[in-house]
Amino acid sequence: MFGTKSDAPPASGSLRIAFSGSGMMATAMIDGLLASGTVAEAADILVFDPSPHAQQKMRSRGISVCASNADLVRARPDALIIAVKPIYVPGVCREISPALSSSAPGMTAILSVAAGVTLETIRSFFPPVVHPRLVRVMPNTPALIGMGASAYCTAEDAPPATGEIAERILRSVGECVLCLPEHNMDAVTGVSGSGPAYVYAFVEAMSDGGVRAGLPRSAATALAVQTVRGAAAMIAKTGKHTGELKEMVTSPGGTTIAGVHALEQGNLRGTVMDAVVATTKRSMQLGGKTEDEIKNKCGL
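Each residue of the sequence shown is one higher than the one before, starting from 55 at the first, in this note's numbering.
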């Protein structure tokens, strides 16, 4: 059976984690797992990637490189992370499924970080005994520097150990980790999964504005970056509503309210909301939902 090995990973000890794929997100998670001590040494991370260049890169770090996705399973890790693009998920699942059902690996969790790919889709490739161990995850790229925001969902019948190991893995790359119902996961993609791109565009626009107003580019960018960082920290640390914090800056008839007025004239808030909804809808499309389902069932 799938659970021949103990269901629970070590509560605080080192884990062995396998990755199918070694792209940007996999690399971020590998770095976090090693830096946090969640994985004690590089050899306890197993990777399969068909690219010879990627294989050599992993080997140079002391990471164990497997010959196939099936070999990842046969190595009996505590968890396996499917870190490939959505179009490649079916192929990966078809490769690992026979090894799961025949070699009884006893993995605690199989995590997918592919945007839009639902638990139902992933379940369709595996025997029923595996289904409770599947986890859908949406991290984001600030995980590369240990500041990721992540959400995950599990099956209703998932054992506690499956959620616990997902938490341990995700907390190694960021402090914000939320367990949410699966129907929220596409919206998570819209807010935090794609959100860094919105912030980069905003910072770039602030920097461009500074240059237009006469600042050197380096000064404009440095000020914009620190302003966004400081404002985000104010939200997190004070617990005040963003509207209240905005009021602290906007004196009657002053400079800030003139700028806020310009933002309102440009429909900043509506545009950002539209961006979140557009990304959410695209995630739903990647997950196989039709336009009618998106409109009628999800109201988007």
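Here a beta-carbon is modelled for each residue, glycine too, at the ideal position from N, C-alpha and C.
- About 11 angstroms separates the beta carbons of V227 and A80, which is beyond the 8 angstroms limit, so they are not a contact pair.
- In the three-state reduction of the DSSP assignment, M302 falls in the helix class.
- Short of 8 angstroms from the beta carbon of C207, and not among the five residues preceding or following it, lie these beta carbons of its own chain, in chain order: L173, V189, R190, C233, L234, P235, E236, N238, M239.
- Note on geometry: alpha-carbon atoms of T325 and G284 lie some 23 angstroms from one another.
- Note that the C-beta distance between A97 and G116 is below 7 angstroms.
- Beta-bridge analysis with DSSP links T208 to V189.
- For S166, the secondary structure class from DSSP, reduced to helix, strand or coil, is strand.
- The residue from P181, P186, R130 with its alpha-carbon nearest to that of M161 is R130.
- For the pair A153 and A72, the Cα-to-Cα distance works out to about 14 angstroms.
- Remark: three or more beta-carbon pairs, one from each stretch, lie closer than 8 angstroms, so the segment 190 to 203 and the segment 84 to 101 are flagged as touching.
- DSSP places I117 outside both helix and strand once states are collapsed to three, so it counts as coil.
- R222 is classed as buried because its beta carbon has at least 16 other beta carbons within 10 Å across all chains shown.
- Under the DSSP definition of a beta bridge, V231 partners with S204.
- Between G244 and T334, the C-beta gap is smaller than 7 angstroms, which places the two residues in contact.
- Non-local C-beta neighbours of S204 in its own chain, meaning closer than 8 angstroms and more than five positions away in sequence, comprise V191, M192, P193, N194, A197, L224, V227, G228, C230, V231, L232, S246, ordered along the chain.
- Close CB contacts of K291 within its chain, under the 6 angstroms cut and outside five residues either way in sequence, are absent.
- Across the set R177, A121, L69, G263, the C-alpha of A121 shows the shortest separation from the C-alpha of S105.
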